[in-house]
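> Positions 7 to 202 (the working numbering) are the ones given, in order, by the sequence shown.
Virtual Cβ for every residue (Gly too), placed ideally from N, Cα, C.
Starting off with a structure, shown below.
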Amino acid sequence: MKNIVILISGGGSNMEAIVKTAESERWAARLDARVAAVISNKVDAGGLAIARAHSISTAVVPHKDFAGREEFDAALAREVDAHTPALVVLAGFMRILTPWFVTRYAGRLINIHPSLLPAFPGLNTHRRAIEAGCRVAGVTVHEVTTELDHGPILAQAAVPVLPDDTPDDLAARVLAQEHRVYPRAISEWLQRIETN
Ligand code: GRF
């Protein structure tokens, strides 16, 4: 069984979309894969209750409990490794990971970013796209490397930017695509490692 570990910091809507897709597409039977755990750096992350409602193991590694990034990442890795992950999925995980952590999971660490990378790495992507006068925006699923928001692209989806869009309007339109694109990108990733 290939274990997927999902890291979240907040509502976990992407995690929920992945979990629901794993159930509806029967990944355990078809891909020999399952979401083994959902881990958050925030004790109040809404996604934890969603994971528990799907009988998925959860854990919290509060980043505030650690002196620095290295100590946090080491504690996080211990929690992640307890599930011997084939794939570590960042889904609304709002911590910048150290090169040590990224290297430890190289080739099996992916993220979703709410822009059409390489455009708009970093934060506030929707406001920046609107201010730049973009006519399209979107989402990117990519492998995580030590350069923030710059790893090999696995999937993308574009959405229109409408004339009177606020950042929240655009965020909602992009998020709907995230929930479609991320589960499919993970399913394709799992099938690729199965055939290799
Ligand atoms: C989403 O916009 C995602 O692109 C970004 O975090 C936001 C919240 O994600 N990485 P979620 O609802 O917690 O999955």
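1. With a 10 Å radius around its C-beta and 16 neighbouring C-beta atoms as the bar for buried, classify residue 4 as buried or exposed.
2. For the beta strand (DSSP E) containing residue 91, name the first residue and the last one.
3. By Cβ distance below 7 Å, which residues in the same chain neighbour residue 187 in space, the five residues on each side in sequence not counted?
4. Is any non-hydrogen atom of ligand 1 found closer than 7 Å to the C-beta of residue 118, if you look at the structure I gave you?
5. Rounded to whole angstroms, how far is the Cβ of residue 11 from the Cβ of residue 51, which I believe are closer than 8 Å?
6. Beta carbon of residue 115: closer than 7 Å to some heavy atom of ligand 1?
7. Consult DSSP for residue 27 and reduce its assignment to one of helix, strand or coil.
8. Where does residue 56 fall in DSSP's three states?
9. Tell me, to the nearest whole angstrom, how far the beta carbon of residue 83 is from that of residue 110; I am working on the premise that it is less than 8 Å.
10. Just to confirm my understanding: we take residue 134, look at its own chain, exclude 5 residues before and 5 after, and list those with CB closer than 7 Å. What are they?
11. Excluding sequence positions up to five away, which residues of its chain have a Cβ less than 6 Å from the Cβ of residue 56?
12. Is it true that the CB of residue 195 sits closer than 8 Å to the CB of residue 93?
13. What residues match up with residue 20 in a beta bridge as DSSP calls it?
14. Restricting to runs no shorter than 3 residues, where is the beta strand (DSSP E) found entirely within the region 111 to 196?
15. Closer than 6 Å by C-beta to residue 150: which residues in its own chain qualify, once you throw out the five before and the five after it? Chain order, please.
16. Would the C-beta of residue 46 count as close to ligand 3, meaning under 7 Å from any of its heavy atoms?
17. When DSSP builds the beta bridges, which residues end up paired with residue 9?
18. Measure the alpha-carbon distance for residue 179 versus residue 120 and round it to whole angstroms.
19. One question on the structure: do residue 14 and residue 46 come within less than 8 Å of each other, judged by their Cβ atoms?
Well, looking at it:
1. In the structure as shown, the chain starts at 7 and stops at 202, and residue 4 therefore has no counterpart that could be examined.
2. 91 to 96
3. 145, 147, 161, 163
4. yes
5. With 8 Å as the limit, residue 11 and residue 51 do not qualify as a contact, their Cβ atoms being about 15 Å apart.
6. no
7. helix
8. helix
9. 6 Å
10. 126
11. 18, 22
12. yes
13. Paired residues: none, contrary to the question.
14. 115 to 119, 142 to 149, 159 to 166
15. 108, 115, 117, 157
16. No copy of ligand 3 occurs in the structure displayed; its ligands are ligand 1 alone.
17. 40, 91
18. 10 Å
19. yes
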